[in-house]
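Student:
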Amino acid sequence: LLPMQLDDQGSAVLTRQLEKKGISILFGFECRSISGETDATGIVSARNDTISGDLVVIATGVRSNTIIAKNSGIKFNTAIVVDEHMQTSVEGIFAAGDCMEYNNQWYGIIPWATATARVAAQNMLDFGSAKFEGITPSNQLQVAGIDLTSIGIIHPDSPDYETLVSVDMENGKYFKAVLKSDVLVGGIDLGSRKIALKLRQLIVKGENIADIKQSLFDDE
574 LLPMQLDDQG SAVLTRQLEK KGISILFGFE CRSISGETDA TGIVSARNDT ISGDLVVIAT
634 GVRSNTIIAK NSGIKFNTAI VVDEHMQTSV EGIFAAGDCM EYNNQWYGII PWATATARVA
694 AQNMLDFGSA KFEGITPSNQ LQVAGIDLTS IGIIHPDSPD YETLVSVDME NGKYFKAVLK
754 SDVLVGGIDL GSRKIALKLR QLIVKGENIA DIKQSLFDDE
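Residue 686 in the numbering used here is what sits at position 113 of the sequence shown, and the numbering runs on without skipping anything.
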């Protein structure tokens with residue numbers, strides 16, 4: 574559940590809270606078709622099981638309309654490819670936001686859009702005056718009234734990272750902090766907002782927090 578914002582433990586906590594609200598969650602369910610002639614009446618699975626319903630919501634993510642760029646010969650991968658100045662493969666043509674990728678990275682989130690747009694605008698006015706230095710990915714949302722914030726690296730892929738976790742399954746709270754050399758580089762706050770604010774501030778500072786890391790979640 575929400576694999577881009579949660580890990581397995583966090584997903585289990587959120588699933589439990591949603592089930593308490595009477596929401597049934599089916600994992601690994603492959604939808605084959607939508608039933609109903611003029612209005613949706615449910616969905617049919619690949620195993621031919623039918624689930625009735627009055628509304629079908631299809632959440633497939635963000636995909637920008639880049640047909641103009643493709644047809645013009647501008648270099649394109651999963652999105653329009655740009656350099657550190659947000660300039661495309663064609664001199665004088667810039668791209669920013671959801672429609673572009675930089676260093677094989679792409680995020681369909683507001684911080685990415687605003688940061689890349691700022692660099693593109695500066696370079697359109699004075700080329701070479703600004704370079705894109707990346708962002709710390711951040712997502713803040715509510716799921717059925719439950720607060721969820723994920724920041725930075727939440728799925729560490731190296732033993733160089735240290736992970737601290739606090740799980741409160743009954744009250745629906747899950748906190749995670751990811752550190753590298755005692756510097757906070759990512760975290761998850763599910764069920765609160767206080768911890769998210771603290772994590773965000775510490776990530777921005779980029780300071781060694783060895784002396785306080787064991788008390789990161791104490792405010793909650």
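In this text, a Cβ means the ideal position worked out from N, Cα and C, and glycines have one as well.
1) Take residue 662 as the anchor and find which of 680, 671 and 643 has the nearest alpha-carbon.
2) Contact defined as beta carbons within less than 8 Å: I believe residue 635 pairs with residue 671. What is the distance between those atoms, to the nearest angstrom?
3) Among the residues of its own chain, which have a CB less than 7 Å from the CB of residue 625, if the five just before and after it don't count?
4) Assuming residue 785 is part of the alpha helix (DSSP H), what are its boundary residues?
5) In chain order, what residues of the same chain lie with their CB nearer than 6 Å to the CB of residue 668, ignoring the 5 residues before and after it?
6) Tell me which same chain residues have a C-beta within less than 6 Å of the C-beta of residue 565, skipping the five on either side of it?
7) Rounded to the nearest angstrom, what separates residue 751 and residue 766 at their Cα positions?
8) May I have the straight-line CA-CA distance separating residue 610 from residue 633, to the nearest angstrom?
9) How many Å lie between residue 648 and residue 673 at the Cα?
10) Return the CA-CA distance between residue 781 and residue 731, expressed in angstroms with no decimal places.
11) Starting from residue 629, trace the alpha helix (DSSP H) in both directions and tell me its first and last residue.
12) Classify residue 634 as helix, strand or coil using the three-state DSSP reduction.
13) Evaluate residue 578 with the Cβ neighbour count: other Cβ atoms within 10 Å of its Cβ, from every protein chain shown; 16 or more gives buried, anything less gives exposed.
14) From the DSSP secondary-structure annotation, give me the bridge partner or partners of residue 753.
15) Short of 6 Å in beta carbon distance, which residues of its chain neighbour residue 789, apart from the five on each side in sequence? Order them along the chain.
16) Could you tell me which of 623, 759, 676 and 605 sits nearest to residue 706, measuring between CA atoms?
17) So, for residue 593: in the same chain, excluding its five sequence neighbours on each side, which residues have a beta-carbon less than 6 Å away from its beta-carbon?
Tutor: According to the structure data:
1) Out of 680, 671 and 643, 643 has the C-alpha closest to the C-alpha of residue 662.
2) Their Cβ separation, rounded to whole angstroms, is 6 Å, which keeps residue 635 and residue 671 in contact under 8 Å.
3) Around residue 625: 614 and 615.
4) It is not in any alpha helix (DSSP H) - residue 785 carries neither H nor E in the DSSP assignment.
5) 653, 655 and 661.
6) It is not possible to answer for residue 565, since the shown part of the chain is limited to 574 through 793.
7) Near 18 Å, if we compare the C-alpha coordinates of residue 766 and residue 751.
8) Cα-Cα distance, rounded: 23 Å.
9) Rounded to whole angstroms, the separation of the alpha carbons of residue 673 and residue 648 is 10 Å.
10) Our two residues, residue 781 and residue 731, have alpha carbons roughly 19 Å apart in a direct line.
11) If you look at residue 629, you'll find it isn't in any alpha helix (DSSP H); DSSP assigns it neither H nor E.
12) Looking at residue 634 - three-state DSSP - the assignment turns out to be coil, as it is neither helix nor strand.
13) By the 10 Å Cβ count, residue 578 comes out buried.
14) Paired residues: 734 and 756.
15) Correct list, in chain order: 750.
16) The candidate whose alpha carbon is nearest that of residue 706 is 676.
17) Excluding positions up to five away in sequence, the list is empty.
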